[in-house]
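What follows is a set of notes on a single structure, which appears directly below.
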Amino acid sequence: MIVPDSRIPIATSLVPALEAENIHPKRVRDKQRLLRISALAVAIAFVISFVAKGLVYLINWVSNLAFYGESSVQYHSPAGNHLGAFVIVLPAIGGIIVGLMALYGSKAIRGHGIPEAMEQVLTNKSRIKPIVMFLKPLSAAISIGTGGPFGAEGPIIATGGAFGSSIGQALKITHTERKILLAAGATAGMSAIFGTPIAAIFLAIELLLFEFSPRSILPVALACITGAAGHHLLFESGPAFGMPLLDTPSNIALATYSFIGLVVGLASVAVTKLVYFIEDQFEHLPIHWMWWPALGGLAVGVVGYFAPRTLGVGYENITDLLSGNLTLQVVLSLCFLKFVSWAISLGSGTSGGTLAPLLTIGGATGALLGGVILRFFPGSEIVVPMAALVGMAAMFAGASRALLTSIVFAVEATGQSHALLPLLGACTGSYFVSFFLMDNTIMTEKIARRGVKTPDSYEPDMLEKIRVGQVLREGSLTISADNTIEEVCQWLEQEPTRADNYFVIVDNEGEFKGIVSFADLYGKVQDRQAPIHTLISHKPTSVLDTDSLRTAVATMARANVDVLPVVVAENRKKVAGVLSYKDIIASYKYRLDEDELAQADISVKRRSIKILLRGQKLLKVTKGRS
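Taking the working numbering, the leading residue of the sequence shown gets 83, the next gets one more, and so forth.
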């Protein structure tokens with residue numbers, strides 16, 4: 083090796099000193115910010131708990147005023163009204179008011195809330211207009227209070243999300259932290275309405291956060307706990323949907339409930355497709371969209387005239403289905419007429435939700451299937467209340483593909499721990515059918531049509547699993563800062579096998595000064611006799627050899643560089659080498675190739691097994707002939 087002058091030599095070993103005070107300046111701050119975001123999430127959940135109670139009171143007040151002419155916040159089912167034929171017009175009046183609010187207020191109040199929140203998370207950095215947190219509950223109260231076949235959970239999820247987003251927009255926080263506050267507000271609302279904090283956490287993971295990490299789960303979990311405390315304080319204690327205590331099912335019963343889940347899965351696909359088919363038909367109407375909720379309201383009124391139980395929130399319908407207290411005629415009306423009323427109203431773009439209607443339709447479907455199975459197969463060992471419960475959860479699992487949310491919600495909302503296995507089998511079956519028969523769900527179809535891709539997997543980031551030290555190439559080149567540009571170029575000409583694109587520059591004391599690239603070295607340099615350290619534009623930040631490649635990518639992006647010095651974790655004054663973006667891409671490609679090779683290997687093994695089995699079969703045939 084030629085050593086220019088007697089200065090620090092050009093060498094293949096690399097041990098310069100580098101002060102690592104810039105290593106992870108965000109780590110301590112990240113934990114402090116997590117505490118701050120968690121505190122904000124709890125405060126948001128506290129407020130949303132009272133907003134949830136206020137929304138329920140508002141719905142009850144509008145409903146009592148519209149159907150009974152009373153100014154009361156106590157719940158009275160619209161099914162007991164004595165309005166006669168006027169009940170057909172009443173939901174249409176509510177639809178006109180909602181249409182005007184959407185036209186002159188905000189179009190964001192249309193729909194059932196969760197898809198709109200998902201779209202803002204995925205496309206608009208979780209920014210929701212603050213006006214939505216006022217107009218959404220008001221429009222939903224008018225829509226539901228005048229007979230709309232929706233539950234309070236959809237509007238409160240949208241309202242809580244808008245409130246969390248508004249708080250996030252008012253503060254200096256990142257869009258990821260704003261997403262967390264949006265999810266915290268939304269799920270705290272659900273927890274406050276139903277008292278189901280664990281299901282609300284899963285809802286956040288499966289439909290809003292699209293990630294599973296401490297920075298998101300901790301604030302959301304605290305918000306859901308706060309919402310559950312609000313439920314116990316402000317609402318009735320006990321399960322949201324009371325039902326008789328269920329016994330542990332037998333294996334035959336488990337298989338039957340799983341079969342019911344498969345059938346309900348097919349029904350959930352049909353429900354989803356029909357809802358969006360109806361919505362498409364409204365798009366073709368030759369009138370302004372402001373009038374669509376009124377037309378949907380007319381359909382609600384007509385159905386409600388013949389089947390009064392389809393009007394309004396109808397949480398008591400779910401309780402009656404789970405208790406097995408309804409006649410066959412009523413169950414049929416809730417299964418089919420409730421669907422017709424809800425699908426037309428939702429397709430018209432009014433303000434409402436999906437969870438309660440899906441639970442009602444699914445529960446009625448499960449009860450009907452359970453009754454039929456018991457009639458023709460009395461040895462199936464099932465009970466109708468359990469069939470209604472698994473149908474209820476399976477309908478939501480298939481339509482939304484929020485599998486864990488559906489299972490846990492059914493257990494929490496009813497307090498039936500023995501139902502866990504039947505729910506697991508039924509919801510998995512429904513999810514299976516939905517996954518293979520639908521590209522999108524009732525939550526994602528609308529935004530998918532607008533070109534928004536919704537994440538459908540939560541596997542760890544491949545770059546998160548690879549450490550910098552695993553990628554780093556040994557033998558990086560160190561150059562003395564005092565060597566001239568000409569000397570370095572002459573030495574490199576004698577080392578044609580060198581593959582380094584970047585060189586670490588150190589001074590006489592071995593202290594790190596910066597990095598120089600080939601482009602800098604062979605670019606337009608005015609003075610070839612100038613020291614090479616004059617080519618250093620800035621001293622880049624660094625990463626530890628124990629960091630993940632994702633951390634390295636983030637550091638590169640923040641510093642706007644494509645190469646980083648790597649510091650040894652045990653001795654942060656020692657530089658281990660240089661990491662470039664090409665190293666990261668090469669490592670990523672290598673892991674992808676590994677996965678593809680493994681898949682190909684499995685396919686080859688399957689083909690080999692098939693060929694072997696065919697050979698054995700042929701051998702048996704030959705022996706038989708001989």
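All residues carry an ideal CB built from backbone N, CA and C; glycine is no exception.
Skipping 5 residues on each side, what residues in its chain have a beta carbon closer than 7 Å to that of residue i?
| i | result |
| --- | --- |
| C417 | I443, A446, T447 and L450 |
| A495 | F276, T278, P321, A322 and F323 |
| G435 | H194, G195, F232, G233, E235, G236 and P237 |
| S188 | K211, I213, V214 and L217 |
| G706 | Confidence at G706 is low in this model, with a pLDDT of 48, below 50, so the placement of that residue should be treated as unreliable; the coordinate-derived value is given next. Within the same chain, G706 has no close Cβ partners at all. |
Leaving out five residues before and five after residue i in sequence, what residues of the same chain have Cβ atoms less than 6 Å from its Cβ?
| i | result |
| --- | --- |
| P390 | A161 |
| F292 | P537 |
| I178 | A376 |
| E152 | N146 |
| R610 | I567 and E568 |
| A305 | A123, A127, A266 and A270 |
| G243 | A199, L264, G267 and A268 |
| W374 | F364, S430 and G431 |
Would you check if the distance between the CB atom of residue i and the CB atom of residue j is smaller than 8 Å?
| i | j | result |
| --- | --- | --- |
| T740 | M272 | The shown model of the chain, from 83 to 708, leaves out residue 740, and the question about it has no answer. |
| L217 | I191 | yes |
| A223 | L147 | no |
| L603 | T623 | no |
| L328 | Q498 | yes |
| I548 | S662 | no |
| F364 | S433 | no |
| V351 | V515 | yes |
| A470 | I524 | no |
| D627 | V649 | yes |
| F491 | A349 | no |
| V395 | I226 | yes |
| I464 | T338 | yes |
| G347 | G507 | no |
With residue i as the anchor, note down where its alpha helix (DSSP H) starts and where it stops.
| i | result |
| --- | --- |
| V353 | N333 to E365 |
| V649 | Taken as a continuous stretch (DSSP letters only), V649 belongs to no alpha helix (DSSP H), being part of the beta strand (DSSP E) at V645 to V649. |
| I249 | E235 to A252 |
| N399 | Y397 to S405 |
| F491 | L485 to T496 |
| W374 | W374 to F388 |
| R531 | E527 to R531 |
| G435 | Neither: G435 is in no alpha helix (DSSP H) and is coded neither H nor E. |
| G394 | Element bounds for G394: n/a, residue is neither H nor E. |
| G511 | L502 to L519 |
| E198 | I196 to T205 |
Which residues in the same chain have their Cβ closer than 8 Å to the Cβ of residue i, if we skip the five residues on either side of it in sequence?
| i | result |
| --- | --- |
| L502 | I489 and V493 |
| E103 | With a pLDDT of 42 at E103, under the threshold of 50, the modelled position of that residue is not reliable, and the figure given next carries that caveat. Nothing listed; no residue qualifies. |
| R531 | none |
| L769 | With the chain running from 83 to 708 in the structure shown, residue 769 is simply not present. |
| M372 | G181, L182, A184 and L185 |
| F245 | I126, V129, I130, V133, M215 and G267 |
| A311 | S131 |
| L485 | E288, A479, C509, T510 and Y513 |
| T401 | F323, G324 and M325 |
| I105 | Interpretation of I105 is limited by its pLDDT of 45, a score under 50 that renders its predicted location unreliable; no figure is taken from the coordinates. |
Could you name the residues that DSSP lists as bridge partners for residue i?
| i | result |
| --- | --- |
| I561 | I587 |
| G596 | I587 |
| V171 | V171 is not bridged to any residue. |
| P160 | None, per the DSSP bridge assignment. |
| V625 | V648 |
| V660 | P647 |
| R549 | S630 |
| T566 | P613 |
Taking the alpha carbon of residue i as the reference point, which residue from the options has its own alpha carbon closest?
| i | options | result |
| --- | --- | --- |
| L617 | T432, T628, V649 and I597 | I597 |
| L122 | G250, S188, S159 and G378 | G250 |
| G551 | F388, P231 and A634 | A634 |
| A270 | P301, R260, I426 and T256 | P301 |
| Y358 | L408, G230 and W424 | W424 |
| T308 | T526, F294, I283 and T330 | I283 |
| L285 | R483, M520, H500 and W573 | R483 |
| A303 | T338, A476 and I262 | I262 |
| E318 | K420, Q156, S225 and I226 | Q156 |
| V422 | S340, G230, E398 and K671 | G230 |
| D644 | G386, E546 and I666 | I666 |
| Y672 | S562, M638 and L545 | L545 |
| P504 | F518, E527 and G473 | G473 |
| V382 | L408, K207 and F168 | F168 |
| S340 | A252, I119 and S462 | S462 |
Is any heavy atom in the ligand SAM found nearer than 7 Å to the beta carbon of residue i?
| i | result |
| --- | --- |
| G431 | The ligand SAM is absent from the structure shown, which contains no ligand whatsoever. |
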